[in-house]
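Worksheet: one structure, shown below.
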Amino acid sequence: MSRSVKIVTFSFFVLSFLLISELFYLRSIDNEQCLKVKQEFVSFVGLPDLVLSNEPYLRHRSLSSVFDIYSVDPTLREHQKETFILTKGIK
Amino acid sequence: MNFQLLEYALKNLQREYFKNLFIFIVLTLMTWLLGTMFLITNSMKHELNLTLDSLPDIILQYKKAGVSSTLDERQSENILEIPGVQSAEGRVWGYYYFENADVYFSLMGVDEFQTQTRKSFVNLVAKQSLDNSSMIVGEGVVRLLERSYYKDYFNFIKEDGSVKKVFIAGIFQTQTQLESNDMIVIEKNTLRDIFGFSEYEATDIAVNVTNKLEVPTVALKITQRYPNYRVLTKEDMRVSYENIFNYKNALFLGLFVIAIFIFLVIVYERLSGVSSAQKREIGILKAIGWRVEDVLRVKLYEALVISFLAYLLGIVLAFGFVYIFNAPLVKDIFLGYSEIKPAFELLFVFDFETLFLLFFLSVPIYVLASVIPSWRIATLDADEVMR
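Protein chains in written order, with our numbering: chain A, 12 to 102; chain B, 124 to 510.
What follows is the structure in structure tokens.
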């Protein structure tokens, strides 16, 4: 077996070993407890969606309708271009 | 496996070292990019679908003049009369704009006794007392409040302009950051005071159904009886979750298209024919007695060494990048641009389908693109090829 064949075979085994050890390591992390806490939290507050976006009305986007971005609620500052008029808050 | 042929194939690869190295890097990057996209999406979908079961079966929102409006909490008594409904409860929640950081907090009102009687509450916050002048907040909220020098309390500006001082009683556990980062849980009546709601005013009604199979029937009955209500079931939310990931995936698709384009250029170059030097090489090999299958085997080894090693390296990098390093930068595509980004950890989900999909998108295509042109040449007579 020449040197180049040995290098390729070695690379193949090293990468396979790395992949398998990575998968074993990731499997060993206890996700169950973490998931349980997350489920308890969602059950406690009862609101859907993840903190993927923090734009108004989109944080809990499953509970929002398309027209909510045109809401007339005065307590919320608009910073979406869809609201047409952009007022500036106190900085 | 014929090691002599493999050795010959590797020598061939060394002869065009930089070209083959480029192909190897492109294939590795493509596998890594696609792998990263699929792994992040799978993790988030898995988490969302598992927490979906913890939500109320039906949520009712009141629509007035086409936009969401508040409702009277006592309406829940009418909902309770519908057969099959187990519970119906008015909820007070909404958004609060925090000017200093230009972010929106989500405020949820709970009954004081709910935190005292609920056993699981101890798992969510270390300090668990909640009264009408205190709140429990997510880690992102604490971080932003501290930046504005609010360490123990926060002054909410009420609708009439006056200030409501509320103390921070506890912080939600880090594990729940992806759900709780921007959340503030506060006593229901205190929240009504902040939002300027009247005594029975609520944001929506959460309905639970005894027999889960009856949810669509109950939802239909509510829609027929109260046409002004927007009725949202868990199934609607599941579809909504799918939509957000389809949308976010489209952003990834932009990156994917660039990678796949470069890959297709390589495939095209391979398919459009072999170079005259390679033709001569195949001709000489045939003239000295190599069979067609030997030539094809060499080409197969060449393609397999490049594509399979690139695939393995891409997968190893993708797993490490997503689950060990938590996908820096790429994760931000899913998080948006807000200042209240959570530092969450993605849950590990092992999905064979993803690995197979990535394999079939890279290895077989490249192998075929390498072997087919060589097969065309190898089936010709040696003298014809060399001429």
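Just so it is clear, CB atoms sit at the ideal spot from N, CA and C, and this is done for glycine as well. Small disclaimer: the values here were computed from a predicted structure and weren't measured.
### Task
Could you check the C-alpha separation between V25(A) and V19(A) for me, to the nearest Å?
10 Å
### Task
My understanding is that F295(B) touches E262(B), with C-beta atoms under 8 Å, so please give their C-beta distance in whole angstroms.
7 Å
### Task
Starting from F35(A), find everything on chain B with Cβ-Cβ shorter than 8 Å and list it in chain order.
Within chain B, no residue comes near F35(A); the closest Cβ sits about 11 Å away, beyond 8 Å.
### Task
Could you list which residues in chain A have their beta carbon closer than 9 Å to that of I411(B), in chain order?
What I411(B) touches in chain A: nothing, since even the nearest Cβ is about 20 Å away.
### Task
Answer with buried or exposed for N65(A), where buried requires no fewer than 16 other C-beta atoms within 10 angstroms of its C-beta.
No answer about N65(A) holds up, because its pLDDT of 48 lies below 50 and its placement is not dependable.
### Message
Between the alpha carbons of N223(B) and S166(B), how many angstroms are there, rounded?
### Response
33 Å
### Query
Shorter than 8 Å from the beta carbon of F21(A) to some beta carbon of chain B?
no
### Message
Let me see if you follow: with CB-CB separation under 8 Å, is F24(A) close to chain B or not?
### Response
no
### Task
List the DSSP bridge partners of A325(B).
L194(B)
### Query
When we look at the beta-carbon of S271(B) and count the other beta-carbons within 10 Å, is it buried (16 or more) or exposed?
exposed
### Message
What does the Cβ neighbour count give for S485(B), buried or exposed, with the cut at 16 atoms within 10 Å?
### Response
buried
### Task
Note down, in chain order, all residues in the segment 294-312 of chain B with a beta-carbon under 9 Å from any beta-carbon belonging to chain A.
F295, Q296, Q298, T299, Q300, L301, E302, S303, N304, D305, M306 and V308
#### Entry: Proximity test, Cβ basis, 8 Å: K49(A) and chain B
yes
### DSSP-derived helix/strand/coil call for S399(B)
helix
### Task
Could you tell me whether the segment 207-219 of chain B touches the segment 314-322 of chain B, using the rule of 3 or more Cβ pairs below 8 Å?
yes
### Query
Bridge partners of Q184(B), per DSSP?
D327(B) and R353(B)
### Query
Identify the residues that DSSP records as bridge partners of E310(B): which are they?
V233(B)
### Message
At the 8 Å Cβ level, is L432(B) part of the contact set with chain A, yes or no?
### Response
yes
### Message
Does chain A have any CB closer than 8 Å to the CB of R266(B)?
### Response
no
### Task
Kindly identify the DSSP beta-bridge partner or partners of S257(B).
F290(B)
### Query
Going along the chain, which residues of the segment 415-430 of chain B sit with their C-beta nearer than 7 Å to a C-beta in chain A?
V428
### Message
Measuring alpha carbon to alpha carbon, tell me which residue in I307(B), E324(B) and Q298(B) is nearest Y185(B).
### Response
E324(B)
### Message
Please classify F479(B) as buried or exposed, where buried requires at least 16 other C-beta atoms within 10 Å of its C-beta.
### Response
exposed
#### Entry: CB-CB length for L230(B) against L314(B), believed under 8 Å
6 Å
### Task
Compute the Euclidean distance between the alpha carbons of A292(B) and I259(B), then round it to the nearest angstrom.
6 Å
### Query
Around the Cβ of I309(B), are there at least 16 other Cβ atoms within 10 angstroms (buried) or fewer (exposed)?
buried
### Query
Buried or exposed: E196(B), going by 16 or more other Cβ atoms within 10 Å of its Cβ?
buried
### Query
Going by DSSP, what residues sit across from R266(B) in a beta bridge?
Beta-bridge pairing links R266(B) to no other residue.
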